[in-house]
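Q:
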Amino acid sequence: MSASVDALSALKAKFPQVTDRASRDCPAVDVPTVDLVAALKSLRDEAGFDLLSDVTAIDWAEGATPRFTAVYHLYSTTSHAAVRVASACTGDDAAPAVPSVVDLWPAANWHEREAYDMFGIKFEGHPDLRRILMWDGYPYHPLRKEFPLAGIETALPDLEVAEETQAKVIPAPMVGGPFVASSGEMNLTEAEPRAKDESWNERSAKPQA
Amino acid sequence: MATEIAFPDSAAKAAGAEQEFAPEKMSLSMGPSHPSTHGVLRLQMELDGEVLTKCDPIVGYLHRGDEKIAENMTYNQFVPYTDRLDYLAPLANNMAYAIAVEKLAGLEVPARCQAIRVLTAEMARISAHLMGLGAFGLDVGAWTVLVHSLNQREHLYKLFEELTGARFTTSYTRIGGVSRDVPEGWLGRVIAFCDQFEPALEETLALLTRNKIFQDRTVGVGIITKADALAYGLTGPNLRGSGVALDLRKDRPYSGYEQYEFDVPVGTKGDCYDRYLCRGEEMRQSVRIIRQIVAKFPSGDWYAKDARKIFAPPKDKILTSMEELINNFMIVTEGPQIPAGEVYFEAENPKGALGFYIVSKGGGVPWRMKIRSPSFCNLSILPKVCVGTMMSDVVTLLGSLDFVMGECDR
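From first to last, the protein sequence lines are chains A and B.
Under this note's numbering, read the first sequence as residues 1 to 209, first letter to last.
Under this note's numbering, read the second sequence as residues 210 to 619, first letter to last.
#1: Any beta carbon from chain B within less than 8 angstroms of H73/A's own beta carbon?
#2: How many whole angstroms separate the CB atoms of A375/B and G465/B, which I take to be in contact at a CB cut-off of 8 angstroms?
#3: Compare the beta carbon distance of L40/A and V98/A with 8 angstroms and say whether it is the shorter of the two.
#4: Chain C beta carbons: is any one of them nearer than 8 angstroms to that of I132/A?
#5: Evaluate contact between the stretch 451-460 of chain B and the stretch 378-385 of chain B, counting only Cβ atoms and requiring at least three cross-stretch pairs below 8 angstroms.
#6: Do you know offhand how far V169/A's Cα is from T65/A's?
#7: At least one CB of chain B closer than 8 angstroms to the CB of D158/A: is that the case?
#8: Taking the alpha-carbon positions, what's the K421/B to T434/B distance?
#9: Which term fits E370/B, buried or exposed, when burial requires 16 or more other beta carbons within 10 angstroms of its beta carbon?
#10: For Y366/B, decide whether its Cβ has a neighbour in chain A, counting only Cβ atoms nearer than 8 angstroms.
#11: CB G564/B to CB A549/B, shorter than 8 angstroms?
#12: Should L313/B be flagged as near chain A, meaning a C-beta pair shorter than 8 angstroms?
#13: Drop a sphere of 10 angstroms on the beta-carbon of Q17/A, count the other beta-carbons inside from all chains shown, and report buried for 16 or more, exposed for fewer.
#14: What number of angstroms, rounded off, separates the C-alpha of A47/A from the C-alpha of C481/B?
#15: Cα-Cα, which of A438/B, F506/B and P462/B is closest to T477/B?
#16: For a contact defined as C-beta to C-beta under 7 angstroms, what are the partners of R461/B on chain A?
#17: Have a look at F210/A and R293/B and give me their C-alpha separation to the nearest angstrom.
#18: What residue ranges within the stretch 90-115 of chain A form continuous beta strand (DSSP E) runs of no fewer than 3 residues, ordered along the chain?
#19: Are three or more beta carbon pairs between the stretch 348-362 of chain B and the stretch 250-264 of chain B nearer than 8 angstroms?
#20: Who are the neighbours of E179/B on chain A, taking C-beta pairs under 9 angstroms?
#21: Are there 16 or more other CB atoms within 10 angstroms of the CB of E164/A, so buried, or fewer, so exposed?
#22: I'd like to know whether the C-beta of L143/A is nearer than 8 angstroms to at least one C-beta of chain B.
#23: State yes or no: is the C-beta of T444/B nearer than 7 angstroms to some heavy atom of the ligand NAP?
#24: So which of L328/B, S238/B and P583/B has the shortest CA-CA distance to I267/B?
#25: For W110/A, does the count of other Cβ atoms within 10 angstroms reach 16, so buried, or fall short, so exposed?
#26: What does G564/B reach in chain A if we use C-beta pairs closer than 8 angstroms?
#27: Relative to chain A, which residues along the stretch 431-454 of chain B have a C-beta separation below 7 angstroms, given in chain order?
#28: So that I know if they touch, is there some Cβ in chain A lying closer than 8 angstroms to that of H243/B?
#29: Leaving aside the five residues before and after K518/B along the sequence, list all residues of the same chain whose C-beta is less than 8 angstroms from its C-beta, in chain order.
#30: Would you say R24/A lies against chain B (beta-carbon separation less than 8 angstroms)?
#31: For the alpha helix (DSSP H) holding P244/B, just list the boundary residues, first then last.
#32: Assess, as a yes-or-no matter, whether the stretch 555-564 of chain B is touched by the stretch 293-308 of chain B under the definition of 3 or more beta carbon pairs within less than 8 angstroms.
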C-alpha cells in the first residue's frame, strides 16, 4: 500500500493541481483534465503502474458539478499496488470531454468506447470512438441518470426489417419484472416503492431525449 | 501477405487488367451465431486469401444493462445478476461481488465464511476451466475431452446443488455472509470428488498434452507477447500464459487466500498451447487448495453476526423478537445499509480479474456500479493478435482465450 502512497506523493509534487480524493480502499487522486495524460504517463513510467485495470465514468446526475467524472484504475505488476485516478470531464452535459489514454495503454481503447457508449463522453484523441455495447446509430446513452430503467422506444437497428415488420425497440413491457403484479392505475413509484426509477411513469410523459 | 503481381505487358495493365488480377481482399463476418465464437461474438474480418489482414470484434449482443439494473436495486437483489456474468463460474462471481460490497461497508466476515467462499470459488474455477478445456478441445477437433469434462462438471453440479439449491445460478453469497452453512457430510463428498477427479483430470489432459494433432494446432499459434498482454490489460490464465506471474490470490490475497499453499503456473511463449497448459495446472492447484481448506475447516459463524442492518438475522430470531423482525424487514425492503464512499475490488476469477467499482451515497442502493469483466478486456486484444494469422487459427485462438460473452457484454 505504501508504494501507491509514495507514487501519489511524487505525483502531487510534480503536478501541483493534483488533490487527494476520498477513498475507502486504494489511495486515490483527482487530476485536472489538462494534466491527466501527463500524470498517467508519469505513473506508468516512473512509478511502475504498468497495468490499466479499468476506465469508467460516473454520472453525478443533472445539475451536479461536475456532471461526469472519468475514473482510471491502475495496477503495478511489480509492487502489486493499486491507485485510482479521477478526472472531472470538461464541456457541457451534452458533450462532456476528457483526453484519451489509448496512446499510453491500448487497453483503454474498449473501455473508453464503452464509457462513450454509456455516457456520451468524448475521449479526445481516441482513434476509433464508436459505440461498443449498443448498436451504431442508437440515439441515447443508457447509463446517464436521466435515461429510464425501462428504456425508451427506439427504431430497430436494421431499417429494412423495421420497415417490413413495423417493429420497434419498446420499453420493458413488464415493469418490475414478470412476477410483480401490474401497478394498474397507480403510478409505479406508489406501487413499487423500491423501484428507484422515477424519471417517468404512467402519469408523466416519457422524456423526449 | 499481399504481394504485388507484376504484369509484363504494360498495355494490359493500362487496360485495367490490374484490377482483375490484383489480389482482392475478402470481407467475412463470423458469428454472432457460430459454434466457435462461444456465444454471441461476431468477428468482422478482412482476409487476404487465408490470412487475416484486419479483425474487428463486434460485441454487445448479450448486453442486458447490468450496471443500470444495479443502480435500481438493493445490494442483495443484485446477487443473482452476478451469476449471469461468467455463468460458468457463478460462485466465484458471487464471492467477488460480496467482498466488494463488504469492503465498502468495512465489514470482515468470519473465518468459516471465508473458507466456504474460497472453497466454492475454487470448485467454480475447476468447473469453468473444465468447460473451457472441453470447448477448446472441440474447437480443434478433440471431441472426447468435452465428454470427459462435462462428466466431471456433473459431479460438481451435484455438489453445488446440495450446497446452494441450484446447479447453475447459485446466488450463494449475501452481503456479510452466505445464504446457508455447508450441509452435513458435504465436505466429505467434496474430498471424494477430489479423489476421483485427480486421476480423471490426468487422463483428460493426457488426451491433449502430448497429442501430435493438438500440438500442431496450438504450439506457436496465436502468440501474445508479454508486453502486448500487459498493454491490453489481459488478466488470468491468458496473461500468465504470456509469462506474467500475476495472480491476485497470491499478490493481493483476499478472503484468506494467504493461508493456502499453491503455485501459480506461468507460460513461456504465450501461444495457445501455453494457455492450455496454464489452465490444466490451475485445476491441479485448485484441488490442492480445496484439500487444504477441508483439512482445517474453521468452526464458528458462517456469517457476520455483528453486521446489523446488513445481514438478515436468523429465522428463529425473526419469529421471536420484534426488533429482529423490524431489522429483517428493513434489510429486505431498504437493502443492506452501506456507508457512502467508493471502492474497487478485483478478484482472481477463472477468466481473469473480475472487478467491481462501487460508488455509494449511503443507503441500500449503489449510485454507480461498474463491472470490470475479464472477458471484455481479454477480447480487446483480438484486433492486434489476429492480424497475420490464418483463418483456421482464429478458431484456435478464440478457444484458447476462453471468454464468456455473458460477462463481456454484461
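By construction, the Cβ of each residue, glycine as well, lies at the ideal position given by its N, Cα and C atoms.
It should be emphasised that the depicted structure is a prediction, and the values quoted were computed from it without experimental measurement.
A: Here's the rundown:
#1: yes
#2: In fact, because the Cβ distance is near 25 angstroms, the residues do not count as touching under 8 angstroms.
#3: no
#4: The chain labelled as chain C is not found among the protein chains of the depicted structure, namely A and B.
#5: no
#6: 33 angstroms
#7: no
#8: 24 angstroms
#9: exposed
#10: no
#11: no
#12: yes
#13: exposed
#14: 32 angstroms
#15: A438/B
#16: H80
#17: Past the boundaries of the shown model lies residue 210/A; chain A is included only from 1 to 209, so the question cannot be answered.
#18: 97-99
#19: no
#20: In the structure as shown, chain B starts at 210 and stops at 619, and residue 179/B therefore has no counterpart that could be examined.
#21: exposed
#22: yes
#23: Absent from the structure shown: the ligand NAP. Ligands present: none.
#24: S238/B
#25: buried
#26: S53, D54 and H73
#27: L439, A440, Y441, G442 and V453
#28: no
#29: N536, M539, I540, P545 and Q546
#30: yes
#31: First-last for P244/B: undefined, no H or E at that position.
#32: yes
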